[in-house]
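Q:
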Ligand code: GLN
Ligand code: ZN
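Numbering (the numbering used here), first residue to last: 14 to 788.
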């Protein structure tokens, strides 16, 4: 171990923060190289060493690319690589998780991430209001924290060997604990903050020792109202934590990051702790919510703290308005003494627009993915330094053109669509529930009716047919015939199993959101715009760029075909407006309530067409209703209002005799039960098996519509037995009267295999029969 000389030490502590940087960068690889390497390693097709060398190449390629794109200053490139998840990486580095061995090996790492025969993996949940999922550290009381900075230090050295001084990025201590959960019987994770801060101090000392001048600690917990602790308490904890951390001598300079929103109490706390630099989210979407933020920052942050302005949106795909960015920078009141960055890590956007060849040309001009955003950051920083946008004329010209053509485009402002939403009533309401209930008697359903949530297993044959039609190996007609065969099989199976309400099985859908995006005006989809969802999993979110309309019926032919094959009622299947928005890149030139209402109208037309085709039941899935809930509590009511209205727009024109279902899953819904009720669906199916009907305890009073708490947990390959299913059903019956209770799985069956599904559904019907006989 070398000790720094006084000169080296002083030099590190004086190194200025770079003028242009990014908060973080994707790690999955432009061609999803990391995904493939991870999956090959898990399948024992490549060794740990081969996985390491794939990761090594990915890191060096990323550094090289970022330099070429303009991040050439020392410490401008973030060292934020994660093999599986960045929260797990930090937790291991600072010793919040993990064992005794000095070396963190892949066995230990992947056991936490993915579980083993003997142990469950860590729980996974959404990272703030993004579609990225992190691993939730489980914190016990007693275990000592044993930091293991060696791995991060080795990555610093690897970068340096490649000629790059990269800035290590860690999740900050307050956020790490605020996002953790207590191990069974343990106290509140945040109570271990002082100990954890000591562990961070040791990691920082090791990085200092390794010659690191700047480290980045991200504290997004300070921009959210979290259940873990009230904002003011978190802020107080942060102030203490950073005073302690910054009080140490042998440390790199510290950039604290506050992505995903605006600081409130946390601003005073961080301003008073005064790290060497503070990165803040100044993206247009965030400023629209809190326009005074730049002025507050200018006022409160002391001059000795360098402001690092996140003017370039890191989580959406629109070309930045660079001139607008310069204005925001000016309101900070620091002249050119400001650095520029992305508002959040670029983890949430695809690598580069250059990989896309099929985008509509006008739309392509409005977009910036990660590479284009790096160019924007650099251009903004250079223009600020020069006091003149002309030094980056090309970037500014692209930005100006995007702004102009986007605002003037008939695709972003479709007069017919606007006229329709403008003409909508203020209150959208169906007949009263009881009246609908009476009209729906025509369905002739038995007590405790059984149904599924919509999809049946997506077999290799279905996937192959889809790949074939996309590649032109088979024609549209042949494809449709294959799908109809599949639908016929699924309908027959449901009749044999004795399910009361039948679905067509959704074989034609690649994904419940992308499928609708492909059939609606206002959306486009990418060919290679993959973003990491968790671990090795990626999604390709559609891009909502304009006013939404429906050129033709989308689901009707499939549902109608199914209905022609059976005497049982067939349930049509739509994805709701909020879920379509939640899983897409959304336009940022209108409040989300605008496309939400447009989607409501378009899907309402689909409901009308389904009715006309004789479909008596329509389910509108809103699994993401909870996901878009704003991070700040005071913004939640307004969100829920437009979200509920959008859903009601889908259903409100339906006849009383048409039964509207909705379905929710993936979240805990306690916080939004009132909003769920306000959707005014006739039947709500909701995930409940994992929590053993816990949800129903919170429902009780008031919820008057029919309810289908899932009794079969479809996230597991396990086939639940009749006894177990009957038990859950009896538990549900203690809360919901038999006249209002439905019997169904937790969610769609598309990820499961037929063997399990058939057995489980057979047991589900048997459990229903048994419980009904008991009554
Ligand atoms: N209808 C969809 C399905 O069954 C619902 C999926 C979901 O809720 N995630 O697949
Ligand atoms: Zn679901």
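Ideal Cβ placement from N, Cα and C applies to all residues, glycine included.
Values in this document were obtained by computation on a predicted structure and should not be read as measured data.
Does any heavy atom of the ligand ZN sit closer than 7 Å to the C-beta of residue 635?
A: Locating residue 635 in the chain shown gives position 622, counting from the first residue. Residue 635 Cβ: outside cutoff for every heavy atom of the ligand ZN.
Q: What number of angstroms, rounded off, separates the C-alpha of residue 767 from the C-alpha of residue 520?
A: Within the chain shown, numbered from 1, the residue matching residue 767 stands at position 754. Within the chain shown, numbered from 1, the residue matching residue 520 stands at position 507. Rounded to the nearest angstrom, the two C-alpha atoms are 13 Å apart.
Q: Can you confirm whether the stretch 352-366 touches the stretch 326-339 when touching is taken to mean that 3 or more C-beta pairs between the two stretches lie within less than 8 Å?
A: Result yes; three or more Cβ-Cβ pairs closer than 8 Å.
Q: Specify, as a first and last residue, the run of the alpha helix (DSSP H) that residue 517 falls within.
A: Taking the chain shown and counting its residues from 1, the one referred to as residue 517 is at position 504. Residue 517 -> no alpha helix (DSSP H), and no H or E assigned at all.
Q: With distances taken from CA atoms, which of 280, 228, 144 is nearest residue 245?
A: Taking the chain shown and counting its residues from 1, the one referred to as residue 245 is at position 232. Nearest of 280, 228, 144 to residue 245, Cα basis: 280.
Q: Between the stretch 418-433 and the stretch 586-603, are three or more C-beta pairs nearer than 8 Å?
A: The stretch 418-433 is in contact with the stretch 586-603.
Q: Taking the beta strand (DSSP E) that residue 747 belongs to, which residues open and close that run?
A: Mapped onto the chain shown, residue 747 falls at position 734. Premise fails: residue 747 is in no beta strand (DSSP E) and is neither H nor E.
Q: Count Cβ pairs between the stretch 184-191 and the stretch 100-110 that sit closer than 8 Å; are there 3 or more?
A: Judged by Cβ distances under 8 Å, the stretch 184-191 makes contact with the stretch 100-110, as three or more pairs qualify.
Q: Does the beta-carbon of residue 416 have 16 or more other beta-carbons within 10 angstroms, so that it is buried, or is it exposed?
A: Taking the first residue of the chain shown as 1, we reach residue 416 at position 403. By the 10 Å Cβ count, residue 416 comes out buried.
Q: Identify the residues that DSSP records as bridge partners of residue 657: which are they?
A: Taking the first residue of the chain shown as position 1, residue 657 is located at position 644. DSSP lists no partner for residue 657.
Q: Tell me whether the beta-carbon of residue 709 lies closer than 8 Å to the beta-carbon of residue 749.
A: To locate residue 709, count along the chain shown from 1; it is residue 696. To locate residue 749, count along the chain shown from 1; it is residue 736. Cβ distance < 8 Å, so residue 709 and residue 749 count as in contact.
Q: Mind checking who residue 320 pairs with in its DSSP beta bridge?
A: Position 307 of the chain shown, counted from the start, is the residue given in the question as residue 320. Answer by DSSP bridge pairing, in chain order: 291, 351.
Q: Based on Cα-Cα distance, which residue from 532, 220, 155 lies nearest to residue 180?
A: Your numbering for residue 180 matches position 167 in the chain shown. When each option's Cα is compared against that of residue 180, the closest is 220.
Q: Once the 5 residues before and after residue 707 are set aside, which same chain residues still bring their CB inside 8 Å of it?
A: In the chain shown, counting from the first residue as 1, residue 707 sits at position 694. Excluding positions up to five away in sequence, the list reads 701.
Q: How big is the Cα-Cα spacing for residue 676 and residue 762?
A: Residue numbering aside, residue 676 sits at position 663 when the chain shown is read from its first letter. Residue numbering aside, residue 762 sits at position 749 when the chain shown is read from its first letter. Their backbone Cα atoms lie some 14 Å apart in a straight line.
Q: For residue 118, which option in 742, 257, 759, 61 has the closest C-alpha, if you only look at C-alpha atoms?
A: Counting from 1 along the chain shown, the entry for residue 118 is found at position 105. Checked all of 742, 257, 759, 61; the closest Cα to residue 118 is 61.
Q: Does the Cβ of residue 586 lie closer than 7 Å to at least one heavy atom of the ligand GLN?
A: Reading the chain shown from its first residue, position 573 is the one you call residue 586. Flag set: Cβ of residue 586 near the ligand GLN.
Q: In this structure, does DSSP put residue 180 in helix, strand or coil?
A: Taking the first residue of the chain shown as 1, we reach residue 180 at position 167. In the structure shown, residue 180 sits in a strand (DSSP, three-state: E or B).
Q: Take residue 296 as the anchor and find which of 263, 321, 317 has the nearest alpha-carbon.
A: Taking the chain shown and counting its residues from 1, one reaches residue 296 at position 283. Measuring from the Cα of residue 296, the nearest candidate turns out to be 321.
Q: With H, G and I counted as helix, E and B as strand and the rest as coil, what does DSSP make of residue 151?
A: What you label residue 151 is simply residue 138 of the chain shown in a count that begins at 1. DSSP places residue 151 in strand when its eight states are reduced to three.
Q: To the nearest angstrom, report how far apart residue 222 and residue 705 are at their CA atoms.
A: Here residue 222 corresponds to residue number 209 of the chain shown, with the count starting at 1. Here residue 705 corresponds to residue number 692 of the chain shown, with the count starting at 1. Whole-angstrom Cα-Cα distance: 51 Å.
Q: What first and last residue would you give for the beta strand (DSSP E) that runs through residue 88?
A: The count along the chain shown starts at 1 and reaches residue 88 at position 75. Premise fails: residue 88 is in no beta strand (DSSP E) and is neither H nor E.
Q: First and last residue of the beta strand (DSSP E) that includes residue 129?
A: Mapped onto the chain shown, residue 129 falls at position 116. First-last for residue 129: undefined, no H or E at that position.
Q: Give me, in chain order, the residues of the same chain whose beta-carbon lies closer than 6 Å to that of residue 503; leave out the 5 immediate sequence neighbours on both sides.
A: Numbered from its first residue, the chain shown carries residue 503 at position 490. For residue 503, where only same-chain residues beyond five positions count, the Cβ hits under 6 Å are 469, 518.
Q: For residue 724, name the three-state secondary structure that DSSP assigns.
A: Within the chain shown, the letter at position 711 stands for residue 724. Residue state, collapsed to three classes: coil.
Q: Considering only heavy atoms of the ligand ZN, does any lie closer than 7 Å to the CB of residue 676?
A: Indexing the chain shown from 1 puts residue 676 at position 663. Yes.
Q: Tell me, please, which residues DSSP counts as bridged to residue 550.
A: Along the chain shown, read from residue 1 onward, the residue named residue 550 stands at position 537. The partner list for residue 550 (beta bridge, DSSP) reads 547.
Q: Is it the case that the Cβ atoms of residue 609 and residue 659 are separated by a distance below 8 Å?
A: What you label residue 609 is simply residue 596 of the chain shown in a count that begins at 1. What you label residue 659 is simply residue 646 of the chain shown in a count that begins at 1. Yes, Cβ-Cβ distance for residue 609 and residue 659 is below 8 Å.
Q: Kindly confirm or deny that the stretch 103-122 and the stretch 77-92 touch, where touching means at least three C-beta pairs closer than 8 Å.
A: Touching, no, given that fewer than three Cβ pairs across the two stretches are closer than 8 Å.
Q: Straight-line CA distance for residue 775 to residue 627?
A: For the purposes of this step, residue 775 is taken as the residue at position 762 of the chain shown. For the purposes of this step, residue 627 is taken as the residue at position 614 of the chain shown. About 28 Å.
Q: Would you kindly work out how many angstroms separate the C-alpha atoms of residue 682 and residue 635, rounded to a whole number?
A: Your numbering for residue 682 matches position 669 in the chain shown. Your numbering for residue 635 matches position 622 in the chain shown. C-alpha separation (whole angstroms): 12 Å.
Q: Tell me, to the nearest whole angstrom, how far the beta carbon of residue 437 is from that of residue 389; I am working on the premise that it is less than 8 Å.
A: For the purposes of this step, residue 437 is taken as residue 424 along the chain shown, with counting starting at 1. For the purposes of this step, residue 389 is taken as residue 376 along the chain shown, with counting starting at 1. Rounded, the Cβ-Cβ distance is 37 Å, inconsistent with contact.
Q: Just the C-alpha distance for residue 34 and residue 495, rounded to the nearest angstrom, thanks.
A: Within the chain shown, residue 34 is the residue found at index 21, counting from 1. Within the chain shown, residue 495 is the residue found at index 482, counting from 1. Taking the straight line from one Cα to the other gives about 51 Å.
Q: Between residue 525 and the ligand GLN, is there a pair consisting of the residue's CB and a ligand heavy atom that are separated by less than 7 Å?
A: Here residue 525 refers to the residue found at position 512 when the chain shown is read from its first residue. Yes, the Cβ of residue 525 comes within 7 Å of a heavy atom of the ligand GLN.
Q: Report yes or no: do three or more beta-carbon pairs, one from the stretch 302-310 and one from the stretch 364-378, lie closer than 8 Å?
A: Contact between the stretch 302-310 and the stretch 364-378 is absent, because fewer than three Cβ pairs lie under 8 Å.
Q: Is the closest heavy atom of the ligand GLN to the C-beta of residue 519 under 7 Å?
A: One-based indexing of the chain shown puts residue 519 at position 506. It does: the Cβ of residue 519 is within 7 Å (strictly closer) of some heavy atom of the ligand GLN.
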